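Protein sequence lines correspond, in order, to chains G and F. Everything in the first sequence is counted per this note's numbering, starting at 7 for the first residue and increasing by one. Everything in the second sequence is counted per this note's numbering, starting at 7 for the first residue and increasing by one. Yeah, the Cβ is synthetic: ideal placement off N, Cα and C, and Gly gets one too. Computed from a predicted structure; not experimentally measured. Everything below concerns the one structure shown next.
Protein chains: 2
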Amino acid sequence: MESMGIGAVAKAAGVGIDTVRYYERAGLVAPKGRLSSGYRRYSELEVSRLRFIRRAQSLGFSLKEIRELLALSSSRNVASVKRKAEAKLADVDRRLTELKRIRAGLSSLVEACPGHGLPESCPILQALGGESP
Amino acid sequence: MESMGIGAVAKAAGVGIDTVRYYERAGLVAPKGRLSSGYRRYSELEVSRLRFIRRAQSLGFSLKEIRELLALSSSRNVASVKRKAEAKLADVDRRLTELKRIRAGLSSLVEACPGHGLPESCPILQALGGESP
DNA sequence: CTAAACCCTTGACTATGGTCCAGAGTCAAG
DNA sequence: CTTGACTCTGGACCATAGTCAAGGGTTTAG
């Protein structure tokens, strides 16, 4: 498989054709070349790049951040790539901490609710109606 | 301060006036009442509600989810309130699991990257460019 | 009373990350 | 050569979560 069309590259990377073109508009992937007809031609390199994008997205990077990451990877600046990943990790940790806090609050509310009786006996309603949970 | 206008409630909750009206359209907050002129009037209750929305949002809840959360408070059925809170807790747990997965992926990548040298030595670029776990 | 500050509605516009469609052109198999 | 699959461009459309502007009316302080 020397080179492939947009349908093949999309299928190989597990994304939609429109998504490939969307990523191209967003400056994330470019075809290896074009036929005289205008048809885009891709190689395995672009498949890897598309998979990189998907993987990075699943790790919580926005397309803008991924574009920066890709730019850095071609500038061969390993230190910058690491710094960006570290910043993202810190962001994830912050979310994790806050989510754990709300989990604890919600959990104690659920445990304290008898599940029957008057609304006054339900701490969930008390918490939502009155002060913040 | 018996009652306040939209500007005051927005300021007290730390959001924009347009945002308050947007939340009203989205069914998240309603003014306590209106003047004959049509001006919205709010009490401290709405300030709490707005603050709750902001906090829940910062924890990664969408406005749709927050609306569901808030709907719990207007239900008079304690059992159903408890069930919904439990479902929301399960939601939070799923989020937590996903975030932990993201954290683990990022963390191992960051730890394995030397922060200098050739891109070939950077596992952030290598791992993301290669296969998926 | 006047003027500043405030508020009203409607509707357009922003960014993100796509998805879909029309109408036309191109490619590959039979 | 014909047919069906594929691809092209451009633009519309979706949801989410706002933000801003136009062109009014209202409230309040001096």
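Local conformation of residue i per DSSP, three classes
i: residue 111 (chain G); result: helix
i: residue 68 (chain F); result: coil
i: residue 93 (chain F); result: helix
i: residue 87 (chain F); result: helix
i: residue 32 (chain G); result: coil
i: residue 76 (chain G); result: helix
i: residue 105 (chain G); result: helix
i: residue 21 (chain G); result: coil
Short CB-CB distance (under 9 Å) between residue i and chain G
i: residue 136 (chain F); result: Annotation note: pLDDT 46 at residue 136 (chain F) (below 50); position unreliable, no value reported.
i: residue 20 (chain F); result: no
i: residue 49 (chain F); result: no
i: residue 196 (chain F); result: As displayed, chain F neither begins before 7 nor continues past 139, which places residue 196 (chain F) out of reach and without an answer.
i: residue 121 (chain F); result: yes
i: residue 88 (chain F); result: yes
i: residue 69 (chain F); result: no
Strand pairing of residue i, partner residues [DSSP]
i: residue 48 (chain G); result: G:10
i: residue 39 (chain F); result: F:47
CB contact below 9 Å: residue i versus chain F
i: residue 147 (chain G); result: Within the shown structure, residues of chain G are numbered from 7 to 139, placing residue 147 (chain G) beyond reach of any answer.
i: residue 10 (chain G); result: no
i: residue 66 (chain G); result: yes
i: residue 30 (chain G); result: no
i: residue 34 (chain G); result: no
i: residue 102 (chain G); result: yes
Of the listed residues the options, nearest to residue i (C-alpha basis)
i: residue 52 (chain G); options: G:94, G:11, G:116; result: G:11
i: residue 34 (chain F); options: F:69, F:21, F:23; result: F:69
i: residue 90 (chain G); options: G:109, G:114, G:25, G:73; result: G:73
i: residue 19 (chain G); options: G:77, G:76, G:56, G:46; result: G:56
Per-residue contacts from residue i into chain F (C-beta, under 8 Å)
i: residue 13 (chain G); result: Within chain F, no residue comes near residue 13 (chain G); the closest Cβ sits about 21 Å away, beyond 8 Å.
i: residue 94 (chain G); result: 112
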